[in-house]
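2 protein chains.
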Amino acid sequence: MKKILFGICGLLCAYVAQAQKQPYQYVKPIIGTEKMGHTYPGATVPFGAVQLSPETDTLSYEQNGKYNGDVYKYCAGYQYSDKTIVGFSHTHFSGTGHSDLGDFLIMPTTGKLQLNPGTANEPQSGYRSAFSHDTEVSEANYYKVKLTDHQITAEMTTSARVGFHQYTFPKSDQSHIILDLISGIYNYGDKNVWTYLRVVNDTLVTGYRQTSGWARTRTVYFAMTFSKPIASYGQKNYDPKQVYRGFWGKFDQTKDFPEMAGRKIRAYFDFKTTEGEKIKIKFALSPVSQENALENMRAEIPGWDFEKVKRDGQQAWNKELNKIAVNTLNEDDKVNFYTAMYHTFINPTLYTDVNGAYRGLDQNNHQAKGFDNYSTFSLWDTYRALHPLFNIIQQKRNGDMVSSMMAHYDQSSLKMLPVWSNSANDNWCMSGYHSVSVIADAIIKGNYTGDASAALDACVTTAKHRSYEGIGEYMDKGYVASESNGNSVSNTLEYAYDDWCIAQLAKKLNNTAVYNEFIKRSENWKNVYDAKSGFMRPRLKSGTFREKFDVLSTNGQGFIEGNTWNYSLYVPHNPEAMIALRGGKKHFATHLDSLFTMHLPDEFFAETEDITREGIIGNYVHGNEPAHHAAYLYNYTTTPWKTQDRVRMILKKMYKPSSDGLGGNDDCGQMSAWFIFSSLGFYPMAPGSLNYELGSPAVINATLNLENGKTFKVTTKNQSDKNVYVSQVILNGAILKRRSITHEEIMKGGEIQFIMSAKPNTKAL
Amino acid sequence: MKKILFGICGLLCAYVAQAQKQPYQYVKPIIGTEKMGHTYPGATVPFGAVQLSPETDTLSYEQNGKYNGDVYKYCAGYQYSDKTIVGFSHTHFSGTGHSDLGDFLIMPTTGKLQLNPGTANEPQSGYRSAFSHDTEVSEANYYKVKLTDHQITAEMTTSARVGFHQYTFPKSDQSHIILDLISGIYNYGDKNVWTYLRVVNDTLVTGYRQTSGWARTRTVYFAMTFSKPIASYGQKNYDPKQVYRGFWGKFDQTKDFPEMAGRKIRAYFDFKTTEGEKIKIKFALSPVSQENALENMRAEIPGWDFEKVKRDGQQAWNKELNKIAVNTLNEDDKVNFYTAMYHTFINPTLYTDVNGAYRGLDQNNHQAKGFDNYSTFSLWDTYRALHPLFNIIQQKRNGDMVSSMMAHYDQSSLKMLPVWSNSANDNWCMSGYHSVSVIADAIIKGNYTGDASAALDACVTTAKHRSYEGIGEYMDKGYVASESNGNSVSNTLEYAYDDWCIAQLAKKLNNTAVYNEFIKRSENWKNVYDAKSGFMRPRLKSGTFREKFDVLSTNGQGFIEGNTWNYSLYVPHNPEAMIALRGGKKHFATHLDSLFTMHLPDEFFAETEDITREGIIGNYVHGNEPAHHAAYLYNYTTTPWKTQDRVRMILKKMYKPSSDGLGGNDDCGQMSAWFIFSSLGFYPMAPGSLNYELGSPAVINATLNLENGKTFKVTTKNQSDKNVYVSQVILNGAILKRRSITHEEIMKGGEIQFIMSAKPNTKAL
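So the sequence lines, in the order shown, correspond to chains Y and E.
Quick note on full-length UniProt numbering: the first sequence kicks off at 1 and runs consecutively.
Quick note on full-length UniProt numbering: the second sequence kicks off at 1 and runs consecutively.
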């Protein structure tokens, strides 16, 4: 009886606990912080401009200016296996494979002032501190850790534009807050251009930092305020070229001198603290000015209530995460699901002040009228599934993101839409001009309220920028020649897809001329298909295919982040034609099987970037993006049920609720967006199309709470980890006789039910 | 008959010519461009933000970072003795002894593109060109020269914020305009921080330049437009650390790439030109933004009419110069007079955009409400005579200058009024806190419409900034001790005078407490007077005077830019007491005679800064400022007429209408302001007082056209170069029984007549 009662209680309590547990409580920002995930464990709000997170090392650059693999590890500033924390900085990319940011590193210390960071092996040699994961709490919008060397508990939370630090000090006459203006994240050397700092009064400091990193000409302004008056302060300038010349020498500028400026400055602020005394810091950012940073701070966090700011941010997360209410087979799946959603709602990041001002690509300040301006567009990654996900559950924001891209275009002296937009700069990372995919998809799906015709013009102009990565040649010859650039095949394939997007947009806008031109261009993928080898292959200017060719290799083969096994699948807009050309449905099914089951020798794995060994299945590279649609291609073969199997396998293998749970860079949410779509049972094979390929849902059920007030439900019958096959799909009560659903079907609300089974339904459509 | 007719015609024509010749036509900007004058020959309008002038060398910094005497020569970018021109840049100080500016050097060339400047000995080795003074025209707001190596005639003129270039090219398929963003003027090494440039379209380029020179954190924005479309363009980046990394390599950024950014960039623009074809460039500056630069350009020079802009600027000069209509004994005197006036109306310089925006000391952008904001305050120099001159003939502007100082104070985290304000920075050059003199003088003379009480507060707070150059010790001990800083005696003397100014202002505002405090402080000069030596002398913390003491030496003696012979005279606010303490009127008269007649040995002359041998008379150093009032001190002795003789001698010896006509740095107009006052027959011994010491006018007559609509006339009888003595002064018809006039007497209009004589009137008061 006791046992039975206990059993009942156990079930009940679990039920009650689960009922009371809110989505944000399933978020584990620590997922992906080990090895290649390149996510960060710190605090941020959805799409927040501030990402306040610990740095576990300061290998922000190496001395000889060469690429350093160790630095690559710190794209997000944090590696789970590290034993020390250097400090907490305010800006971080989530999941990138190149690096920048890491602005305004703050570190609280006690004891003798040390202004150098020290080394990981000897943290006592500098201001850094050892820490243990046992003391670490990493939640949505909250991070906490004990800095053991200084006996300080560090806590942080944020609003959209303000980082909020709370440090609990021991009793000490020598408590310090260090503001390291040298520290930063960057793969390729010293990026500091200039820093300026002004102690306005004994609680307020403002200034800015200019860097030339991945973003070449970038300035971040700040306003920093302390909850307790500064007792004294000072700086050390590490630039040997910068001396206090001439009449500057009138002042001892190292101590209590309120104007600091230079290329390599570390500042510090001294306090006396009692046991357990909390010193709080609000640190606001602006892309425009010190004043705007201060205005952002006053607007977003007027008081000093840390718990309220934390709570508000977590409720903001909850609101966003609740857009998909999900039930899963187990807690881990739910953690994975909401953490993936969390990771999809980090980038792009807000790049507008509360008053609407932002810095544009032209380095002028602009006023965002009728939209919030965003930055951090990792478009080669995110056009695939992240922006399509937004077109369902972040419609307003995705419209603003298109407006941001259009503003970028208007400010571009190159007259190009963004390729990889970072803080009022473009770094042109990766291939293609995929902003056209995002724009077409958003307009076709009705999420952009701006001038669609102007958007089409911007797409066309970008796609005709002859001097950009072989576009001229592509326009003349129908392909980028191998001699012209190292990514010639990737470029040709991606341009062809992007051109198809432009054609779809033109069609939507009844622009026949543009449609005809670009639908023709969209067939250019055929020009790099080598029937002899059966693969997409580098082609010479002469028209013949290149002799030198290795189907397993990535480097020097005309591809980027994927060998031809993966890239040859890349005709998302016309898989039927691609499959027909490659030997037909049956042959292609076997080919896909090989992809997932063959062995990629180590020498070739080493060439894939940004992923761990766990990031591949056979020769299918999920940790990179080019073949993200590959599993869904089975839908077009004689063995369509294999999509269901593969998708469930990828979901299980590639996403785990642990620090090393991501097999590759999360890539600003693209990896996570793949997870969300695939967990729900459908996937946007070709953004720009209104169709979603059906796969195999991993959830028990999910309710999509749409911005139009409607709900779209995904339900399952017989769901289990073994029942990965879909024997029947019922849409709004009727059996669905296709392997896709449409955007309209989702957005008008309703229910899609998947009948699950351990065996494939080989008879189903 | 013929001869007679010719003679009559000669006289008549000369008369007509003189009658038609306007004041601006007497201006010779070339005066002071040789040796130590440090003026520039280029184009500017009164108080203009743009000073467009040739650079004759690019020794803008030397490689080893040490001070370089050769660089010092180029404070204004131009030395008359040089044989080559490197280019034309848009910002120049007039007459300073430290350097900065030289922004945006433009050079037109033909033939093979050369992006390095080349050397003076081999101009063909780079883009520079030989030139001859024979082809040079240097007028108020107009400069012209033939660049012989390129067969290009260069002409330039300006509006307040825009430089207007006009280059007449030969026929060439290879005509270039080089924009050198590396070139700049600075004594102490490489000051470039960052430059950004954007080719907006084929006639418009915008961008900015950041430097850390004499102004530590300075940015100048620009907008540049060509009258003819650019055929092609490019850049070379000279920073070995700045490579086109990663995806930047997608573009050939050296050619026709519209976004340039870096620390060391030279850009060029190519054209094809026909014989005699003019390419015009409008180059606008802004302290705030690229957009404001463009707005400044559109507002000030909407079209392409070079002659109109030149004419408008020259008429603007005429308007200002007409504030004193003068008749002189000869043409040279008139040239000297109007060139001196020209030099007094160059600084401070406008630092506000047409829309009222400017960058403040706090590096925030501000809106100037109700005033124009100014920069370039060389206050240690200009408080003496330049701002007092403005209080008579630039009342409105001087009020705006006080407003600018108050804005500086409000933006100062140090809570200090400006010492030497340059482009939103203070370099704290020289000693004292002389902004209080300028402010007190302006308020006492009724030229500041702002909050006088707030101004007094700012003066008091500045004067009590204990950590600034010994002020704390000065407040505690009544003097700055020799151990405390190298300028201890100068500081004590100048603080005492400044304190007297604060007392005068307090009196004006009926603030008895401040008056009492500062009138007491104003007597501190007595604390550094050593009765034993009869000189002001460094005093130790202990109270005893320093043993080591050399009355002829400047270096290491506690003085700055003046030995104790000069500095011991520095009690402008209480000469009677100073003279009494130093042995009385008769003894002091002899002492003054010695000053003007003794020989300063070469070893000590070498220690005086910023002047040529011609810049001294005996041991009286006119080329520096501390003794600028010395000649007028005779008025307080038993031989008052010697003021008249000395003043006329200084006017003749120190000011000549030639390139080497200035014996020392013009110091932002102070040397020239001394000339104007002294030529008119009166001088402000102690700004803050309403009195002007009478000297000996050098003009035949002069009419001061005051802003209040009244005129004040200075007339003479028996004026000649020999009749330097004043036998009688008649003010508004009545004999004047004092050796001074008051500000009120001038400002209410009227006439002062000086009866001149070859012999002193030893009986006169």
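In this text, a Cβ means the ideal position worked out from N, Cα and C, and glycines have one as well.
Roughly how far, in whole angstroms, is the beta-carbon of T110 of chain Y from the beta-carbon of S53 of chain Y, given that I think they are within contact range, below 8 Å?
Contact between T110 of chain Y and S53 of chain Y does not hold, since their C-beta atoms are separated by about 22 Å, which reaches or exceeds 8 Å.
Is the shortest distance between the beta-carbon of G189 of chain Y and the beta-carbons of chain E less than 8 Å?
Cβ-Cβ to chain E under 8 Å: yes for G189 of chain Y.
Quick check: is the beta carbon of K241 of chain Y nearer than 8 Å to any beta carbon in chain E?
Judged by the 8 Å Cβ criterion, K241 of chain Y is in contact with chain E.
Could you work out which residue in E:E561, E:A261, E:R218 is closest to N237 of chain E when comparing CA atoms only?
N237 of chain E has its Cα closest to that of E:A261, out of E:E561, E:A261, E:R218.
Can you grab the Cα-Cα spacing for the pair N365 of chain Y / R359 of chain Y, in whole Å?
Per the coordinates, the alpha-carbon of N365 of chain Y lies some 4 Å from the alpha-carbon of R359 of chain Y.
D353 of chain Y versus G370 of chain Y: straight-line alpha-carbon distance, rounded:
Taking the straight line from one Cα to the other gives about 13 Å.
When you compare the CB of C429 of chain E with every CB in chain B, is at least one pair closer than 8 Å?
Among the chains of the structure shown, chain B does not appear; the protein chains present are Y and E.
Starting from the N-terminal side, write out each stretch of the alpha helix (DSSP H) that is 4 residues or longer and does not extend beyond the segment 471–506 of chain E.
The qualifying runs are 471–477.
Beta carbon of V726 of chain Y, beta carbon of M756 of chain Y: below 8 Å?
Taking the C-beta atoms as reference points, M756 of chain Y is found nearer than 8 Å to V726 of chain Y.
Compare the beta carbon distance of K255 of chain Y and G276 of chain Y with 8 Å and say whether it is the shorter of the two.
No, they are not a contact pair.
Assuming Y24 of chain E contacts Q314 of chain E under a Cβ cut-off of 8 Å, what Cβ separation, rounded to an integer in Å, is found between them?
With a Cβ gap of about 5 Å, Y24 of chain E and Q314 of chain E count as contacting.
Can you grab the Cα-Cα spacing for the pair residue 773 of chain Y / L101 of chain Y, in whole Å?
The structure shown does not extend to residue 773 of chain Y, since chain Y is modelled only from 1 through 765, so no value can be given for it.
Give the residues of chain Y in contact with T96 of chain E, contact being defined as C-beta atoms less than 7 Å apart.
For T96 of chain E, no chain Y residue has a C-beta closer than 7 Å to its own C-beta; the minimum C-beta separation is roughly 13 Å.
How many Å lie between Y374 of chain Y and L350 of chain Y at the Cα?
C-alpha separation (whole angstroms): 5 Å.
Boundaries (first-last residue) of the beta strand (DSSP E) holding W194 of chain Y:
Under the DSSP assignment, W194 of chain Y falls in the beta strand (DSSP E) whose first and last residues are 192–199.
CA-to-CA distance, A496 of chain Y to E523 of chain Y, given in whole angstroms
Rounded to the nearest whole angstrom, the C-alpha separation of E523 of chain Y and A496 of chain Y is 6 Å.
Should T449 of chain Y and G486 of chain Y be called a contact, given that it needs their Cβ atoms to be closer than 8 Å?
No; because the gap between Cβ atoms is not below 8 Å, this pair is not in contact.
How would you call M598 of chain E, buried or exposed, if buried means at least 16 neighbouring beta carbons within 10 angstroms?
It counts as exposed.
Would you tell me roughly how many angstroms separate the C-alpha atoms of N121 of chain Y and I106 of chain Y, rounded to the nearest one?
Taking the straight line from one Cα to the other gives about 21 Å.
Note down, in chain order, each residue of its chain lying with its Cβ closer than 8 Å to the Cβ of E300 of chain Y, except the 5 sequence neighbours on either side.
Correct list, in chain order: S159, A160, R161, V162, A284, V354.
Can you grab the Cα-Cα spacing for the pair M401 of chain E / N566 of chain E, in whole Å?
Pairing M401 of chain E with N566 of chain E, the inter-Cα distance amounts to about 29 Å.
Note down, in chain order, every chain Y residue with its Cβ under 8 Å from the Cβ of P258 of chain E.
Result: S413, L414.
Below-8 Å beta-carbon distance, K250 of chain Y vs any chain E residue:
Closer than 8 Å: yes.
From the DSSP output, which residues share a beta bridge with W420 of chain Y?
Residue pairing of W420 of chain Y in beta bridges, as defined by DSSP: Y:S378.
Applying the criterion that 16 or more other CB atoms from any shown protein chain within 10 Å of the CB defines a buried residue, is I393 of chain E buried or exposed?
Burial check for I393 of chain E: the Cβ neighbour count within 10 Å reaches 16 or more, so the residue is buried.
Just to make sure I have the definition right: I need the residues of chain Y whose C-beta is within less than 8 Å of the C-beta of Y196 of chain E. Which are they?
T217, Q363, listed in chain order.
For a cutoff of 8 Å on Cβ pairs, would you count V199 of chain E as touching chain Y?
Chain Y, which has a Cβ nearer than 8 Å to the Cβ of V199 of chain E, makes this yes.
With C-beta atoms as the reference, is D498 of chain Y less than 8 Å away from S404 of chain Y?
It is not a contact, given that the beta carbons lie outside the stated cut-off.
Expected contact under 8 Å - CB spacing of N141 of chain E and T153 of chain E to nearest Å
T153 of chain E and N141 of chain E do not touch by the CB rule: their CB atoms are close to 17 Å apart, not below 8 Å.
Quick one: what's T225 of chain Y bridged to in DSSP?
Answer by DSSP bridge pairing, in chain order: Y:L204, Y:K282.
Collapsed DSSP secondary structure at G749 of chain E in the structure displayed
Coil.
Just curious, the beta strand (DSSP E) that N318 of chain Y is in, first and last residue?
Element bounds for N318 of chain Y: not the beta strand (DSSP E) but the alpha helix (DSSP H), 306–321.
Taking 8 Å as the cut-off, decide whether the C-beta atoms of R646 of chain E and A627 of chain E are in contact.
No.
I want to see whether chain E comes within less than 8 Å of E607 of chain Y, judged by CB atoms only; does it?
Contact of E607 of chain Y with chain E is not assigned, every C-beta pair being separated by 8 Å or more.
Rounded distance between the beta-carbons of I676 of chain Y and T344 of chain Y, thought under 8 Å
Their Cβ separation, rounded to whole angstroms, is 6 Å, which keeps T344 of chain Y and I676 of chain Y in contact under 8 Å.
Establish whether the CB of S60 of chain E and some CB of chain Y are separated by less than 8 Å.
Confidence in S60 of chain E is poor, its pLDDT being 49 and thus under 50, which makes the residue's placement unreliable; the coordinate value appears in the next sentence. Chain Y contact via Cβ: absent.
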